[in-house]
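Step one of this worksheet: look at the structure below.
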Amino acid sequence: MDAGVEADVDRPVDGDSSAAAESGSNQVSSGRSEPSSLKQGEILKTLATVEKDSQAIAESFASLFVSLRSTLSEATSSSVDHMTCFGDAAGRLQETALDASTKGNRYINSCLRLNEEIKGVENLAARLKHLRRNVDVLDTAVNKLLRPP
């Protein structure tokens with residue numbers, strides 16, 4: 290229902306009410322005898338009261354449905370906002386995780402290269418140790434020759 294919609298209840302026209310009341314009283318009198326305590330005027334007053342109450346109930350229902358529609362619209366709007374926020378957060382998290390993964394792979398590759406380079410340096414270090422021993426032996430021999438005991 291739209292916010293401005295009112296209940297579509299027709300109010301009786303005096304001629305229509307009396308016609309309805311007469312047809313009702315004809316049915317009553319054809320099948321049963323009309324109760325003596327209710328007169329035609331009282332019946333019309335009762336019908337008018339029922340119509341007013343029906344109109345009030347219809348307006349109340351219309352107001353209730355408008356209120357429910359408004360509340361549902363607000364709830365839906367909030368849900369859409371939350372889903373948008375969730376989507377944005379998930380997107381940022383995905384970007385950050387991808388960035389961290391890329392940096393982690395670079396770090397691992399750098400470590401692997403460094404490990405390979407260190408293996409080459411270890412080989413060189415072993416050669417240098419051997420060369421150092423030879424230089425030390427040579428130095429000792431030269432010292433013995435230059436400084437006799």
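In my numbering, the protein residues as written are 290 to 438. No residue lacks a Cβ here, since even glycine has one placed at the ideal position from N, Cα and C. Nothing here was measured: the structure is a model prediction, and the numbers come from that model.
Following the DSSP letters along the chain, one finds R381 inside the alpha helix (DSSP H) bounded by residues Q329 to L435. Here the alpha carbon of R422 sits roughly 32 Å from the alpha carbon of L401.
When rounded, the separation of the alpha-carbon atoms in V426 and E405 is 32 Å. Each residue's CA atom was taken as its position, placing V431 and V424 some 10 Å apart.
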